[in-house]
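K.L.:
Protein chains in written order, with numbering that gives the first Met the number 0: chain A, 0 to 373; chain B, 0 to 193. Please find one structure pasted underneath; my questions will follow.
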Amino acid sequence: MIVQPQAMDFADSLSLQSGASIRDYRLAYETYGTLNADRSNAVLICHALNASHHVAGVYEGQDRSEGWWDSMIGPGKPVDTDRFFVIGINNLGSCFGSTGPMHDHPETGRVYGAHFPVVTVEDWVNAQARLLDRLGVTQLAAVMGGSLGGMQALSWTLQYPERVRHAVVIASAPNLNAENIAFNEVARRAIVTDPDFHDGFFYEHDVIPRRGLRIARMIGHITYLSDDVMNEKFGRQLREGLELKYSTQDIEFQIESYLRHQGDKFSEYFDANTYLLITRALDYFDPARRHDGNLAKALAVATARFLLVSFTTDWRFSPKRSREIVKALLDNDHEVSYAEIDAPHGHDAFLLEDARYLAVVRSYFDRIAKELAP
Amino acid sequence: MSDRTTLQSIARLVPRGSRVLDLGCGEGALLDLLQREHGCSGYGVEIADANVLACVKRGVNVIQLNLDEGLSMFDDDSFDVVLQIDTLQHLRNAEVMLRETARVGKLGIVAFPNFAHWPNRLSVLRGRMPVTKRLPYQWYDTPNIRVGTFKDFEVLATRNRLSILDAFGLQDGRERRFLPNLTASTAVFKFERA
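Here it is, written out as structure tokens:
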């Protein structure tokens, strides 16, 4: 499937949860498949931390340009673009074409930098809803996402219950626990304390806080894998030969080499301010907060049917957290199915091809397709 | 246990329009029937991946959980009916789960293979563990780790202060109310907390 990125500009001001607002912004997006005559087959895919609107397919003439969820979405795939009209949107504040901290503030003409407003999951959902309005999509057959994307899917069912028929929430959580916020904070401190960060205005100094970004990515990466997978992949393998070098600073073990490589790659394409913004959005998400911490009360307004999926070795967004969402849905008598996939790959599993996982999602979308007018 | 007449006789015990929790729901056939023909709603609980997938295919709500870890996800009296159809005999904590069934449901319905069915007795008299259509396993590979009889369940129910509202045997899709402990390969109980 050859796909093309598109962009939509919004002049009108969008009010944000913080009380701030943003205007004259752009959202990058992609669509696959065709919206049917009664506009009932639209599926919105929400992305997580470092992904984008490029969900599936490839760009013409670009090798290895598959979208980040290409195993899940496309012609004949579990979310079948021959039947569904699928939309991917790059979130506000991200760094893949939507307006973000690297762009100019429309009033000052100066780069946003650290002055880019703090955006939340709820703000993203509002921005996505505006884009859908302009595409003529009033109701989604389904909204789907993994991790932070799952939070957006969940939030859709609370902010716009009448606009969502199904929500597919994968490897997600009703909020971050302290340990999870702690990991985010370590990553943020790595970035903010990099001398090249310049309080978020590094663009003007023509530098990039690469060291901070690398370390942020390294710690993130550790938490996305499971102990077992790391041991299986790297174990205690040395990078070179069999002899120890007795050096404190050289790369000695394979895992070090792998993490440094991941960090280097990431620092080439990801924006430091975006990393801060998106991890903050993760930290802030907590729909139960306005309901005295009672998640069941928070989910009472939802009318969508839900599919939740978690992975047994995912300790960053553990099955326990998904079960909390399931319980809150049960307490409300909402329609929900829940699959706990016994996969070894930790949090990363939601992006990988596990036959049981893909089969459950495929079957769920087959049911959704049957509800559509022929 | 999934033949239609058997499902029908169990479905008859479920009041119309009930909110149902089906523990060990298999491929979701009973829930499907209850939803389509008895106006019920609810959820199945399953541990096996293949069964979870079958339920999703059918459009039956299913929650993947290990029942041996308990029912902490479900509040007291949160369901009109809790079903345990051919589930009890697979559970390590069968007694705890029976109490949990009574806690979560206003009504409990349990069905399990009756070990005192006469062909089984005959087999044991001959000195061999029974291998029948209903209990098709050898003693060394059976998944039925709790082997009990119709009468045994009555004792267990009393011990756990459950009052039995209805009890009968099922044989070849027919209810057996005369000497069920002898004449039926399946025992069925409907109960509530006393």
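A virtual CB, placed ideally from N, CA and C, is assigned to each residue, including glycine. No experiment lies behind these values; they were computed from the predicted model shown.
1. Going by DSSP, what residues sit across from residue 53/B in a beta bridge?
2. With burial defined as no fewer than 16 other Cβ atoms inside 10 Å of the residue's Cβ, what is the status of residue 14/A: buried or exposed?
3. Starting from residue 17/B, follow the beta strand (DSSP E) in both directions and report where the run begins and ends.
4. If the cut is a Cβ gap below 7 Å, which residues of chain A does residue 55/B touch?
5. Thinking residue 50/B and residue 67/B are a contact (beta carbons under 8 Å), I'd like their distance in whole angstroms, please.
6. With a CB to CB cut of under 6 Å and the five nearest residues on each side skipped, what residues in its chain are close to residue 100/A?
7. My output table needs one value for residue 342/A: the three-state DSSP class, helix, strand or coil.
8. Which value, in whole angstroms, describes the spacing of the CA atoms of residue 155/A and residue 43/B?
9. Would you mind reading off the limits of the beta strand (DSSP E) that contains residue 112/B?
10. Across the region 35 to 42 of chain A and the region 87 to 94 of chain A, are there enough close Cβ pairs to call them in contact, namely three or more that are closer than 8 Å?
11. Within a Cβ cutoff of 6 Å, which residues of the same chain sit near residue 51/A, ignoring the five residues on either side of it in sequence?
12. Please say whether residue 212/A and residue 274/A have beta carbons closer to each other than 8 Å?
13. Based on the DSSP secondary-structure assignment, which residues constitute the bridge partners of residue 29/A?
14. If you draw a straight line from the C-alpha of residue 142/A to the C-alpha of residue 53/A, how long is it?
15. Going by the CB atoms, is the gap between residue 371/A and residue 168/A shorter than 8 Å?
16. In the DSSP assignment, what are the bridge partners of residue 190/B?
17. From residue 293/A to residue 287/A, what distance separates their C-alpha atoms?
18. Excluding the 5 residues preceding and the 5 following residue 57/B in the sequence, name in chain order all residues of the same chain whose CB lies nearer than 6 Å to its CB.
19. Evaluate residue 138/B with the Cβ neighbour count: other Cβ atoms within 10 Å of its Cβ, from every protein chain shown; 16 or more gives buried, anything less gives exposed.
20. Taking only beta-carbon positions, decide if residue 58/B is within less than 8 Å of chain A.
21. Going by DSSP, name the residue or residues bridged to residue 39/B.
22. Tell me the start and end of each unbroken alpha helix (DSSP H) in the region 167 to 195 of chain A that is at least 4 residues and wholly inside, in chain order.
23. Pull up the distance between the alpha-carbon of residue 330/A and that of residue 323/A, whole angstroms please.
24. How many whole angstroms separate the CB atoms of residue 303/A and residue 173/A, which I take to be in contact at a CB cut-off of 8 Å?
25. Would residue 139/B pass as an interface residue toward chain A - the criterion being a Cβ-Cβ separation below 8 Å?
26. Kindly identify the DSSP beta-bridge partner or partners of residue 21/A.
27. Could you please give me the residues that DSSP links to residue 1/A through a beta bridge?
28. Show which residues of chain A have a CB atom less than 8 Å away from the CB atom of residue 63/B.
29. Let me make sure I understand the geometry here. Which of 167/B, 96/B, 80/B has the alpha-carbon closest to that of residue 86/B?
30. Give me whichever residues DSSP pairs with residue 139/A in a beta bridge.
31. Quick one, are the C-beta atoms of residue 112/B and residue 143/B less than 8 Å apart?
32. Say whether chain A places a C-beta atom closer than 8 Å to the C-beta of residue 161/B.
33. For residue 121/B, which residues does DSSP report across the bridge?
34. Taking a cut of 8 Å between CB atoms, which residues from the region 68 to 85 of chain B lie near chain A?
35. Report the option in 247/A, 251/A, 232/A whose CA atom is closest to the CA atom of residue 241/A.
36. Since I believe residue 181/B is in contact with residue 110/B (beta carbons under 8 Å), could you give me their beta-carbon distance rounded to a whole number of angstroms?
P.N.:
Once the coordinates are examined:
1. Note: residue 53/B sits in no beta bridge, so no partner.
2. So residue 14/A counts as exposed.
3. No beta strand (DSSP E) contains residue 17/B, which DSSP labels as neither H nor E.
4. In chain order: 336, 359, 362, 363.
5. No, residue 50/B and residue 67/B are not in contact; Cβ-Cβ is about 16 Å, not under 8 Å.
6. Around residue 100/A: 111, 112, 115, 272.
7. Residue state, collapsed to three classes: coil.
8. The alpha-carbon atoms of residue 155/A and residue 43/B are separated by roughly 26 Å.
9. For residue 112/B, the enclosing beta strand (DSSP E) begins and ends at 104 to 112.
10. Contact annotation: the region 35 to 42 of chain A does not touch the region 87 to 94 of chain A, with fewer than three C-beta pairs closer than 8 Å.
11. Closer than 6 Å at Cβ, skipping near neighbours: 89, 95.
12. Between residue 274/A and residue 212/A, the C-beta gap is smaller than 8 Å, which places the two residues in contact.
13. Residue 29/A is bridged to 87/A.
14. Rounded to whole angstroms, residue 142/A to residue 53/A spans 16 Å at the Cα level.
15. Contact: no.
16. Residue pairing of residue 190/B in beta bridges, as defined by DSSP: 107/B, 163/B.
17. The alpha-carbon atoms of residue 293/A and residue 287/A are separated by roughly 5 Å.
18. Within the same chain, Cβ atoms closer than 6 Å to the Cβ of residue 57/B are found at 27, 31, the five residues on either side in sequence being excluded.
19. By the neighbour-count rule (16 or more Cβ atoms within 10 Å), residue 138/B is not buried but exposed.
20. Interface residue, yes.
21. DSSP, once it has assigned bridges, lists no residue as partnering residue 39/B.
22. Taken in chain order, the complete alpha helix (DSSP H) segments of 4 residues or longer contained in the region 167 to 195 of chain A are 177 to 191.
23. Between residue 330/A and residue 323/A, the C-alpha separation is close to 11 Å.
24. The C-beta distance from residue 303/A to residue 173/A rounds to 15 Å, too long to fall under 8 Å, and the pair is not in contact.
25. For residue 139/B, the answer is no, since every Cβ of chain A falls outside 8 Å of its Cβ.
26. Answer by DSSP bridge pairing, in chain order: 13/A.
27. Answer is 57/A.
28. The contacting residues are 337, 338, 339.
29. Ranking the options by Cα distance to residue 86/B, first place goes to 96/B.
30. DSSP output for residue 139/A lists 163/A as bridge partner(s).
31. A contact, by the Cβ cut-off of 8 Å.
32. For residue 161/B, no Cβ of chain A is located within less than 8 Å of the residue's own Cβ.
33. Beta-bridge analysis with DSSP links residue 121/B to no other residue.
34. In summary, the residues of the region 68 to 85 of chain B whose CB is separated from some CB of chain A by less than 8 Å are 72, 73, 74, 77, in the order they occur in the chain.
35. Of 247/A, 251/A, 232/A, the residue nearest in Cα terms is 251/A.
36. Actually they do not touch by this definition, with Cβ atoms about 17 Å apart.
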